[in-house]
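The structure under discussion appears below in the form of structure tokens.
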Amino acid sequence: MNRRRLTQALSVPVLRPQPLALACAAALLLTFACAANAQDQPPQTSEPAATPPAKTTQKKPANPDAVSNLDAVVVTGIQGSIQSAIKAKQNSDNIIEAISAEDIGKLPDSSIAESLARLSGLATQRVDGRANQISIRGLSPDFAGTTLNGREQATIGENRGVDFDQYPSELISGAAVYKTPDASLIGQGLSGTVDLHTIKPLDLPKRTFAANLRGENTSNGSLNHGTGVGDTGHRASFSYIDQFLDHTLGLAVGFAQLDSPVQEKQYQAWWWSLNNGSQGAETNWGAPHTPGMPDNVLSQEGMQLRAKSENQLRNGLMTVLEWAPDDHYHSTLDLYYSTFNQKTYLNGAQWSSSPYDNVSYSNVGYVPALPYPIVTTGHIDGLKSILQNEYTKEHDKLFSAGWNNQYDFGNGWVITADASYSSAKKRLHDAYLFAGLPDQATSSTDFATPEHEGFPDFRPGVNFADPSAIFFTDPNNYGYNGREEFDKQKDTIKAFRLEVSHPVGWIFSDVNVGVNYSDRRKTKQADVYFAWLNGNGSTGDTYVPGFATPIDPSFRSGSTDLSYGGIPGIVNYDVLRALGNQFYLTQRNGQSDWSRNYTVEEKVPVAYVKFNIDTSLGDVPLRGNVGVQAVRTDQSSDALQTNGDALVGRISDGTKYTKVLPSLNLAAEIADKQFLRFGLAKTMARGRIDDEKVATSAGVALVNDGPAAGQVLWSGSGGNPKLKPYIAVGADLSWEKYFGTSSYVAAAVFNKNLLNYIYNQTTLDYDFSRYVNDNPTLTPTSTIGSFTRPENGTGGKMQGLELSGALEGALVARALDGFGVQANFSLTNSTLPVSAVSSIPGSPSTLPGLSRKVANLALYYEKYGWSVRIAERYRSSFTGEAVALFDQLGYTRVLADKQTDFQLGYAFDHGTWNGLSILLQVNNLTNSPMKTEQIAALPNNVKVARPLEYDTFGRTVMFGVNYKL
Numbered sequence: 022m023n024r025r026r027l028t029q030a031l032s033v034p035v036l037r038p039q040p041l042a043l044a045c046a047a048a049l050l051l052t053f054a055c056a057a058n059a060q061d062q063p064p065q066t067s068e069p070a071a072t073p074p075a076k077t078t079q080k081k082p083a084n085p086d087a088v089s090n091l092d093a094v095v096v097t098g099i100q101g102s103i104q105s106a107i108k109a110k111q112n113s114d115n116i117i118e119a120i121s122a123e124d125i126g127k128l129p130d131s132s133i134a135e136s137l138a139r140l141s142g143l144a145t146q147r148v149d150g151r152a153n154q155i156s157i158r159g160l161s162p163d164f165a166g167t168t169l170n171g172r173e174q175a176t177i178g179e180n181r182g183v184d185f186d187q188y189p190s191e192l193i194s195g196a197a198v199y200k201t202p203d204a205s206l207i208g209q210g211l212s213g214t215v216d217l218h219t220i221k222p223l224d225l226p227k228r229t230f231a232a233n234l235r236g237e238n239t240s241n242g243s244l245n246h247g248t249g250v251g252d253t254g255h256r257a258s259f260s261y262i263d264q265f266l267d268h269t270l271g272l273a274v275g276f277a278q279l280d281s282p283v284q285e286k287q288y289q290a291w292w293w294s295l296n297n298g299s300q301g302a303e304t305n306w307g308a309p310h311t312p313g314m315p316d317n318v319l320s321q322e323g324m325q326l327r328a329k330s331e332n333q334l335r336n337g338l339m340t341v342l343e344w345a346p347d348d349h350y351h352s353t354l355d356l357y358y359s360t361f362n363q364k365t366y367l368n369g370a371q372w373s374s375s376p377y378d379n380v381s382y383s384n385v386g387y388v389p390a391l392p393y394p395i396v397t398t399g400h401i402d403g404l405k406s407i408l409q410n411e412y413t414k415e416h417d418k419l420f421s422a423g424w425n426n427q428y429d430f431g432n433g434w435v436i437t438a439d440a441s442y443s444s445a446k447k448r449l450h451d452a453y454l455f456a457g458l459p460d461q462a463t464s465s466t467d468f469a470t471p472e473h474e475g476f477p478d479f480r481p482g483v484n485f486a487d488p489s490a491i492f493f494t495d496p497n498n499y500g501y502n503g504r505e506e507f508d509k510q511k512d513t514i515k516a517f518r519l520e521v522s523h524p525v526g527w528i529f530s531d532v533n534v535g536v537n538y539s540d541r542r543k544t545k546q547a548d549v550y551f552a553w554l555n556g557n558g559s560t561g562d563t564y565v566p567g568f569a570t571p572i573d574p575s576f577r578s579g580s581t582d583l584s585y586g587g588i589p590g591i592v593n594y595d596v597l598r599a600l601g602n603q604f605y606l607t608q609r610n611g612q613s614d615w616s617r618n619y620t621v622e623e624k625v626p627v628a629y630v631k632f633n634i635d636t637s638l639g640d641v642p643l644r645g646n647v648g649v650q651a652v653r654t655d656q657s658s659d660a661l662q663t664n665g666d667a668l669v670g671r672i673s674d675g676t677k678y679t680k681v682l683p684s685l686n687l688a689a690e691i692a693d694k695q696f697l698r699f700g701l702a703k704t705m706a707r708g709r710i711d712d713e714k715v716a717t718s719a720g721v722a723l724v725n726d727g728p729a730a731g732q733v734l735w736s737g738s739g740g741n742p743k744l745k746p747y748i749a750v751g752a753d754l755s756w757e758k759y760f761g762t763s764s765y766v767a768a769a770v771f772n773k774n775l776l777n778y779i780y781n782q783t784t785l786d787y788d789f790s791r792y793v794n795d796n797p798t799l800t801p802t803s804t805i806g807s808f809t810r811p812e813n814g815t816g817g818k819m820q821g822l823e824l825s826g827a828l829e830g831a832l833v834a835r836a837l838d839g840f841g842v843q844a845n846f847s848l849t850n851s852t853l854p855v856s857a858v859s860s861i862p863g864s865p866s867t868l869p870g871l872s873r874k875v876a877n878l879a880l881y882y883e884k885y886g887w888s889v890r891i892a893e894r895y896r897s898s899f900t901g902e903a904v905a906l907f908d909q910l911g912y913t914r915v916l917a918d919k920q921t922d923f924q925l926g927y928a929f930d931h932g933t934w935n936g937l938s939i940l941l942q943v944n945n946l947t948n949s950p951m952k953t954e955q956i957a958a959l960p961n962n963v964k965v966a967r968p969l970e971y972d973t974f975g976r977t978v979m980f981g982v983n984y985k986l
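Numbered by the numbering used here, the letters in the sequence shown go through residues 22 to 986 in order.
Written as structure tokens, this is what we have:
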């Protein structure tokens, strides 16, 4: 690789420094300054006395990347966690990042995703205010592979990205993130691979029991009264690990329960526009005049203010049975099972205030801004206020089993067989109903909305919490009174792996030759029903939008608090009971609903060979690996064909392809504990599963205009079961220096060329010969027509810089013994040959989901039993998805996110209380909001960026005890 050229490619314009970035850089510079001096200075921290390992006859191959294995000298706590993670990073042949548990059942954060998000080059996406999915090096979660003990895992989502909330942090002992793959890594992702580890009982010297109990409280209070979801919850776990038969049989059992509330305050500005004047919708779109609105001022055209109360109940059970009766045979059986139950109550008020809604304004106030003044205060008359109450119940089941058997023949030959099964089942029930003023009466409100992000202050003239004023009805002619949906999904992965290894010679220590076969099948079913009030019709000629019915008093249950947006409250009621008694249902699957009924199956045999390098270049030790994977994919899909909302029939299709993926990893120890690493690999990731489905909407129509006038032609849109995978070639260069017991500094650059990317494209010569024409009155002129679907196209590139380090305070000064710092910073640039949001002209040509800057900073103190840690993570803004904003088509940008967490603990290490520790944790210490903005063109085609969503989740305080025996 031309290092000089890569360095030039990574040059970026000078940026305005951010406080967190400056702090990270300062910490890293301090680490650099101490690195040279640390070689001659012994660490000031005291280490526990070595405990000799228990007698065992087992002989297992060392996995340098495994951070789940605890050494015989067990160092726990924050520094122990850092030491174990650094050791895994240092000993790996690949470029990896790692996290390790502070002790049995104690990851350094309250969730796996939060711990992973603190690693260099990784960022989290918050769901319900919590870290749930992980992006590696700027690519979306779908591009990251996730394994549990080296095995691919089924997912509850519609795509490949793993929801890490499904895996209790108390049952995970560590994780390794592979930024460069090797040939033996199965299930690797395009951006990287996260391998979660559970504990191995024979790695511990003796029987161990650990228990954990924490209570939690969220600062947002209880928002939906009467639902049973409050602001308190708990987490509990226990782990039992033991060894039998002279330490040849090991057993580990762990159970974890999460009962956690979510209280979320939501606000959304629907869209923004210029109404009146030469630049507005009146002149450019022919929209009605908006009385009372000044000319050429930018105003909000509608809003949604909602409160979410959610209860999450998760039970997880992990069992590991390990047997090593002699020096030759080693067997491990891993079992994991979890259930996840979630009940969500989402209630709120909304209205549209555009020129088309016959509203009028008075006392309008606005502030100067560019390109147009922004309306911030005033009064609106003529609003058709909509109250929407929604209930969602989700039930998930995850099961994973793996049985690994290894036999060492004693003459260099080792054979390993691994069989695994993973399943994820999801059932979802969702229902919502509309309410408002009877007879489509209108209301008014005073308003004060922020110029930038923040909550508004609305003061409506109607009390929405008054049950005598609010009825079930269709306030704004939506065409139905409510909706109910039932979803079922099942994802299974069956896999078998066989590997043989043998010493080689020359520059190679040994070779691994293996095969793996996996069969993944994901099936989804969605059934949608519209709800109609008893006594009202359900067809176009019988339905009356203004038909209204009082809410049965027996179904009412308190009120929903929207006071953070100025509205004191709205009526709350039991949605399912009301739906079952005051409404009737008709099935109403539309095109988008039918398309969610499908099956996708992927049969993937893999063959690989990997040579492990162990040699030297002169006096420089050199290790690593070189190898190749051959991946054969047979993918197929079965789904429904529709013509618009009309169901036509079933359709099937698929494809087969083979990809060859070479890889090289080199690690040279250029000085004592100083490494220069190089990685070069070709990687692949299959497309989103919902892109691979064959679900299609297609039909024929008579062309009236243009060159094809008079012809009957096919057209359609849908998924693409013949989709080929994303392909990238990546090169990595990393320098790492280790010193002290838990200190290091590292700098890395990487370049990833995306040879193949996936875009939505329209094909003009698509063959519709397999499709059914459901219009007997029209005979198509040809079987060839236009079809819009995901297609393979040319890719782009990513380039990045990553800095990371950790420093023990004792290496700087004796007075800082017990203090420490961890920091990392990454800068990533990306380009695509077309817009990332291809449906929006002029949208950015960067990868969706890419945060250009990601940084983490953690300061800790650990001594005399006390431990304190404060950590902050930051990710810059990134491009979201295309959105239809009423009369506009735009895209979203998720704004920069910064979250601070705090941890304080004390561990008793002697006397009666030995083994007991107490822990206080505060997540989202500053109540950091989630903010998005919408980028769209105004009626005069001037593009503006204005606030879209502003949501807060409150801070979560957890306090509890841990006991280890």
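Think of the CB as a built atom: it goes at the ideal place given N, C-alpha and C, for glycine as much as any other residue. Remember, predicted model here, so these are calculated numbers, not experimental data.
Does W434 pass the burial test, meaning 16 or more other C-beta atoms within 10 Å, or should it be called exposed? In the sequence shown, counting from the first residue as 1, residue 434 sits at position 413. Answer is exposed; the Cβ neighbour count stays below 16.
Any idea if D786 is buried or exposed, counting beta-carbon neighbours within 10 angstroms, 16 or more meaning buried? Residue 786 sits at position 765 when you count from the first residue of the sequence shown. The residue in question, D786, is exposed, as its Cβ has fewer than 16 Cβ neighbours within 10 Å.
Which residues bound the beta strand (DSSP E) around S738? The count along the sequence shown starts at 1 and reaches residue 738 at position 717. Looking at the DSSP string, the run of the beta strand (DSSP E) that includes S738 is 733 to 739.
Write down the C-beta distance between A716 and L661 rounded to the nearest angstrom, noting that I regard them as a contact closer than 8 Å. By 1-based counting over the sequence shown, the position of residue 716 is 695. By 1-based counting over the sequence shown, the position of residue 661 is 640. The Cβ separation is near 6 Å, so the contact holds.
What are the partner residues of H400, as DSSP defines its beta bridges? Position 379 of the sequence shown, counting from 1, holds the residue named residue 400. Answer is S383, D467, bridged to H400.
Got a sec, what are the start and stop residues for the beta strand (DSSP E) D280 sits in? On the sequence shown, position 259 is the one that residue 280 refers to. Segment 270 to 290, the beta strand (DSSP E) holding D280.
Given this structure, state the Cα-to-Cα distance separating S790 from I805, to the nearest angstrom. One-based indexing of the sequence shown puts residue 790 at position 769. One-based indexing of the sequence shown puts residue 805 at position 784. If you take the alpha carbons of S790 and I805, they lie about 8 Å apart.
Going straight from the alpha carbon of F568 to that of K405, what length do you get? As a working mapping, residue 568 is identified with position 547 in the sequence shown. As a working mapping, residue 405 is identified with position 384 in the sequence shown. F568 and K405 have their alpha carbons spaced roughly 14 Å apart.
Give me, in chain order, the residues of the same chain whose beta-carbon lies closer than 6 Å to that of Q5; leave out the 5 immediate sequence neighbours on both sides. Since the displayed the chain opens at 22 and closes at 986, residue 5 lies outside it and no answer follows.
What residues match up with W372 in a beta bridge as DSSP calls it? Numbered from its first residue, the sequence shown carries residue 372 at position 351. The partner list for W372 (beta bridge, DSSP) reads M324.
Tell me whether S763 sits in a helix, a strand or coil according to DSSP, three-state version. As a working mapping, residue 763 is identified with position 742 in the sequence shown. In the three-state reduction of the DSSP assignment, S763 falls in the coil class.
In three-state DSSP terms, what is V963? Within the sequence shown, residue 963 is the residue found at index 942, counting from 1. Coil, per DSSP.
Determine the burial state of Y971: buried for a count of at least 16 other Cβ atoms within 10 Å of its Cβ, exposed for fewer. As a first step, residue 971 is located in the sequence shown; it is residue number 950 there, counting from the start. The residue is buried, with at least 16 neighbouring Cβ atoms inside 10 Å.
Within 8 Å, strictly: CB atoms of I572 and I491: Position 551 of the sequence shown, counted from the start, is the residue given in the question as residue 572. Position 470 of the sequence shown, counted from the start, is the residue given in the question as residue 491. Contact flag set, yes.
When the Cα atoms are used, what is the spatial distance from A70 to K110? Start at 1 with the first residue of the sequence shown, and residue 70 comes out as number 49. Start at 1 with the first residue of the sequence shown, and residue 110 comes out as number 89. For A70, the predicted structure reports a pLDDT of 33, less than 50, and the residue's modelled location is therefore unreliable. The matter cannot be settled from this model.
Answer yes if the region 262 to 269 comes into contact with the region 218 to 231, meaning at least three C-beta pairs across the two stretches below 8 Å, and no otherwise. Touching, per the Cβ criterion.
Taking buried to mean at least 16 other C-beta atoms within 10 Å of its own C-beta, is Q608 buried or exposed? Position 587 of the sequence shown holds residue 608. Burial call: exposed.
Taking Cβ positions, are P496 and I407 nearer each other than 8 Å? Taking the sequence shown and counting its residues from 1, the one referred to as residue 496 is at position 475. Taking the sequence shown and counting its residues from 1, the one referred to as residue 407 is at position 386. Their beta carbons are under 8 Å apart, which means P496 touches I407 by this criterion.
With distances taken between CB atoms, is the gap from N781 to T809 smaller than 8 Å? Residue mapping note: residue 781 aligns to position 760 of the sequence shown, counting from 1. Residue mapping note: residue 809 aligns to position 788 of the sequence shown, counting from 1. Judged by beta-carbon spacing, T809 lies within the 8 Å limit of N781, meaning their Cβ atoms are closer than that value.
Taking only the alpha-carbon atoms, compute the straight-line gap between I891 and F185 and give it to the nearest angstrom. For this step, residue 891 is matched to residue 870 along the sequence shown. For this step, residue 185 is matched to residue 164 along the sequence shown. A straight-line Cα-Cα distance of about 23 Å links I891 and F185.
Less than 8 Å between C-beta atoms, sequence neighbours within five positions excluded: which residues of the same chain meet that for T802? In the sequence shown, counting from the first residue as 1, residue 802 sits at position 781. Hits under 8 Å: Q732, V733, L734.
State the beta-bridge partners of N845 as determined by DSSP. Translated into the one-based positions of the sequence shown, residue 845 becomes position 824. Paired residues: S825, N877.
For a test of the three-state rule: what should DSSP assign to E622, helix, strand or coil? Position 601 of the sequence shown, counted from the start, is the residue given in the question as residue 622. Strand.
How big is the Cα-Cα spacing for E474 and G587? Here residue 474 refers to the residue found at position 453 of the sequence shown. Here residue 587 refers to the residue found at position 566 of the sequence shown. Straight-line Cα distance between these residues: approximately 16 Å.
Taking 8 Å as the cut-off, does the region 504 to 523 touch the region 536 to 556 (at least 3 CB pairs, one atom from each stretch)? Contact holds: three or more Cβ-Cβ distances are below 8 Å.
Determine, using beta-carbon pairs with one atom in the region 154 to 164 and one in the region 317 to 336, whether at least three such pairs fall under 8 Å. With a cut-off of 8 Å on Cβ pairs, the region 154 to 164 is not in contact with the region 317 to 336, counting fewer than three such pairs.
Are the region 295 to 310 and the region 947 to 960 touching by the rule of at least three beta carbon pairs closer than 8 Å? Segments in contact, yes.
Which residues in the same chain as D163 place their Cβ atom closer than 7 Å to its Cβ, once the five residues preceding and following it in sequence are excluded? Within the sequence shown, residue 163 is the residue found at index 142, counting from 1. For D163, the CB contacts under 7 Å within the same chain, skipping 5 residues up- and downstream, are N180, R181, G182, R709 in chain order.
Return the first residue and the last residue of the alpha helix (DSSP H) that K108 is part of. What you label residue 108 is simply residue 87 of the sequence shown in a count that begins at 1. Start and end: 98 to 112.
Give me, in chain order, the residues of the same chain whose beta-carbon lies closer than 6 Å to that of P968; leave out the 5 immediate sequence neighbours on both sides. Reading the sequence shown from its first residue, position 947 is the one you call residue 968. For P968, where only same-chain residues beyond five positions count, the Cβ hits under 6 Å are A290, E474, E954.
D666 by DSSP, collapsed to three states: which one? Working through the sequence shown from its first residue, we reach residue 666 at position 645. Here D666 sits in coil by DSSP.
Report the residue ranges of all beta strand (DSSP E) runs contained in full by the region 502 to 574; include only those spanning at least 3 residues, in chain order. Restricted to the region 502 to 574, the beta strand (DSSP E) segments that are unbroken, complete and at least 3 residues in length are 503 to 526, 529 to 554, listed in chain order.
Sort A422, L295, I120, L419 by Cα distance to P392 and report the nearest one. To locate residue 392, count along the sequence shown from 1; it is residue 371. Ranking A422, L295, I120, L419 by Cα distance to P392 puts L295 first.
CA-CA distance, L685 and K447? Here the question's residue 685 lines up with position 664 in the sequence shown. Here the question's residue 447 lines up with position 426 in the sequence shown. Distance between the alpha carbons of L685 and K447: 39 Å.
Own chain residues within Cβ distance below 7 Å of T676, not counting five before or after: On the sequence shown, position 655 is the one that residue 676 refers to. Residues of the same chain with a CB within less than 7 Å of the CB of T676, apart from the 5 flanking positions on each side, are Q656, P742, K743 in chain order.
For A706 versus N664, is the C-beta spacing smaller than 8 Å? Reading the sequence shown from its first residue, position 685 is the one you call residue 706. Reading the sequence shown from its first residue, position 643 is the one you call residue 664. Contact annotation: A706 and N664 have beta-carbon atoms that are not nearer than 8 Å.
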